[in-house]
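*Asks:*
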Amino acid sequence: MTARQGIIRARTYLALSVAVAAAGWGAAAALATGVLLVLAGRATGAELPASLSPLPVLAGVLFAGFVVFRAWPGRSLQRVALWVEEHEPALAFALVTASDPSVQPSASLERAAAFNLRVLRRPLSRMLLGAGAAVALTAAAAWALTGPGGTRDMLAGRALESSSAGAGESIDPLKGIRAAIAPPEYARIRATTIDEPSTITALRGSRITVTGRGSDVEAFLGDGAIRVSTGRRWGV
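Residue numbers (our numbering): 22 to 257.
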């Protein structure tokens, strides 16, 4: 295997490791942010604004991007070669020289730039183990606070649905009611969302969806029962 081939293979391993680590740290950041929102909701005893719901996902995406920015040296072979030399100083810039397309390859340069891909094992393992530990710790905290369903909600951008109830607590289906109003197309008005509505005013032909926490809910319109979709939130 030539020095150039070794650099290309190292770049592949590095790219895969950075992608996995970024995904792990992003999930950990999302879970940590969700845990903070749950704790804030329970500490204040108040309904947190619905606008905060996407915050865990946003935090996860931003942190994943930060990890890629810090860990990924770039696509160029010279940058990857320099990254390898940072972890194998004995190469003494021979690998960087061999990666330069303007340098004429030679047997002596190939011998000087030869390296074993096992030098990548320690830095890449450290990168992946750090991300795995972060996911494990934040997932354990989220699970302890909200149970498996709440943990999934955090990763899906629905952390506020778990902010007022733990894994084994009962949920008041009348608390945290949210109404989404979608006006008819002719009105050319954006859809709106109202938390804890006492009354709902809408144009004729609007589509109104009312949701709340919990399940096992029955709803009536006048004297007639209407179908209720259930899950972690009920909706009509």
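Just so it is clear, CB atoms sit at the ideal spot from N, CA and C, and this is done for glycine as well. Small disclaimer: the values here were computed from a predicted structure and weren't measured.
Kindly provide the ranges of any alpha helix (DSSP H) runs that are 4 or more residues long and lie completely inside the stretch 60 to 110, ordered along the chain.
*Replies:* Within the stretch 60 to 110, the complete alpha helix (DSSP H) runs of at least 4 residues are 76 to 92 and 98 to 108.
*Asks:* Determine, using beta-carbon pairs with one atom in the stretch 73 to 81 and one in the stretch 95 to 111, whether at least three such pairs fall under 8 angstroms.
*Replies:* They do not touch, by the three-pair rule.
*Asks:* With a cut-off of 8 angstroms on the beta carbons, I'd call Gly-45 and Gly-153 a contact; round off their distance for me.
*Replies:* Taking the sequence shown and counting its residues from 1, one reaches residue 45 at position 24. Taking the sequence shown and counting its residues from 1, one reaches residue 153 at position 132. Contact holds; Cβ gap of about 6 angstroms.
*Asks:* Check each candidate in Arg-199, Arg-209 and Pro-205 and name the one with the smallest Cα separation from Pro-218.
*Replies:* As a working mapping, residue 218 is identified with position 197 in the sequence shown. Of the listed residues, the one whose Cα sits closest to Pro-218 is Arg-199.
*Asks:* Based on DSSP bridge pairs, tell me the residues matched to Ile-229.
*Replies:* What you label residue 229 is simply residue 208 of the sequence shown in a count that begins at 1. DSSP output for Ile-229 lists Ile-202 as bridge partner(s).
*Asks:* In angstroms with no decimal places, state the Cα-to-Cα distance between Val-231 and Gly-86.
*Replies:* Counted from its first residue, the sequence shown places residue 231 at position 210. Counted from its first residue, the sequence shown places residue 86 at position 65. For Val-231 and Gly-86, the distance between alpha carbons rounds to 36 angstroms.
*Asks:* Is the stretch 90 to 110 touching the stretch 37 to 54 in the sense that three or more CB pairs, one from each, lie closer than 8 angstroms?
*Replies:* Segments in contact, yes.
*Asks:* Could you say which of Arg-209, Ser-227 and Glu-131 lies nearest to Ala-201 if we only look at CA atoms?
*Replies:* For the purposes of this step, residue 201 is taken as residue 180 along the sequence shown, with counting starting at 1. Comparing Cα-Cα distances from Ala-201 to each of Arg-209, Ser-227 and Glu-131, the minimum goes to Ser-227.
*Asks:* Contact check, Phe-136 vs Leu-158 under 8 angstroms by CB: the rounded distance?
*Replies:* As a working note, residue 136 is residue 115 in the sequence shown. As a working note, residue 158 is residue 137 in the sequence shown. About 35 angstroms; that fails the 8 angstroms criterion.
*Asks:* Could you tell me which residues DSSP puts in a beta bridge with Thr-213?
*Replies:* Here residue 213 refers to the residue found at position 192 of the sequence shown. In DSSP, Thr-213 forms a bridge with Ile-202.
*Asks:* So, with DSSP's three-state summary, where would you put Ile-247?
*Replies:* Sequence index remark: in the sequence shown, residue 247 carries index 226 (1-based). Correct three-state label for Ile-247: strand.
*Asks:* Is the distance from the Cβ of Ser-120 to the Cβ of Gln-99 below 8 angstroms?
*Replies:* On the sequence shown, position 99 is the one that residue 120 refers to. On the sequence shown, position 78 is the one that residue 99 refers to. Yes; because the gap between Cβ atoms is below 8 angstroms, this pair is in contact.
*Asks:* Have a look at Val-39, Ala-155, Thr-23 and Gly-55 and flag the residue whose alpha-carbon is nearest the alpha-carbon of Ala-163.
*Replies:* Position 142 of the sequence shown, counted from the first residue, corresponds to residue 163. Per the Cα distances, Gly-55.
*Asks:* Per the DSSP calculation, Ala-240 is bridged to which residue(s)?
*Replies:* What you label residue 240 is simply residue 219 of the sequence shown in a count that begins at 1. According to DSSP, Ala-240 bridges with Ile-247.
*Asks:* Work out the CA separation of Ala-203 and Ala-212 for me, nearest whole Å.
*Replies:* Within the sequence shown, residue 212 is the residue found at index 191, counting from 1. Within the sequence shown, residue 203 is the residue found at index 182, counting from 1. Looking at the two C-alpha atoms, the distance is approximately 4 angstroms.
*Asks:* Which residues in the same chain as Val-140 place their Cβ atom closer than 8 angstroms to its Cβ, once the five residues preceding and following it in sequence are excluded?
*Replies:* Here residue 140 refers to the residue found at position 119 when the sequence shown is read from its first residue. Same-chain partners within the cutoff: Val-105, His-108 and Glu-109.
*Asks:* DSSP state of Met-22, grouped into three classes?
*Replies:* By 1-based counting over the sequence shown, the position of residue 22 is 1. Coil at Met-22, not helix or strand.
*Asks:* By alpha-carbon positions, which one of Val-82, Leu-138 and Arg-25 ends up nearest to Ser-97?
*Replies:* In the sequence shown, the residue the question calls residue 97 occupies position 76. Ser-97 has its Cα closest to that of Arg-25, out of Val-82, Leu-138 and Arg-25.
*Asks:* My output table needs one value for Leu-57: the three-state DSSP class, helix, strand or coil.
*Replies:* Residue 57 sits at position 36 when you count from the first residue of the sequence shown. Correct three-state label for Leu-57: helix.
*Asks:* Please classify Ala-48 as buried or exposed, where buried requires at least 16 other C-beta atoms within 10 Å of its C-beta.
*Replies:* For the purposes of this step, residue 48 is identified with residue 27 of the sequence shown, where counting begins at 1. Buried: at least 16 other Cβ atoms inside 10 Å.
*Asks:* Under three-state DSSP, which class holds Ser-146?
*Replies:* On the sequence shown, position 125 is the one that residue 146 refers to. Ser-146: helix per DSSP, three-state reduction.
*Asks:* Closest to Leu-130 by CA distance: which of Ala-161, Thr-118 and Gly-81 is it?
*Replies:* Here residue 130 refers to the residue found at position 109 of the sequence shown. Answer by Cα proximity: Thr-118.
*Asks:* In whole angstroms, what is the alpha-carbon distance linking Ile-28 and Ser-123?
*Replies:* On the sequence shown, position 7 is the one that residue 28 refers to. On the sequence shown, position 102 is the one that residue 123 refers to. Each residue's alpha carbon lies about 16 angstroms from the other.
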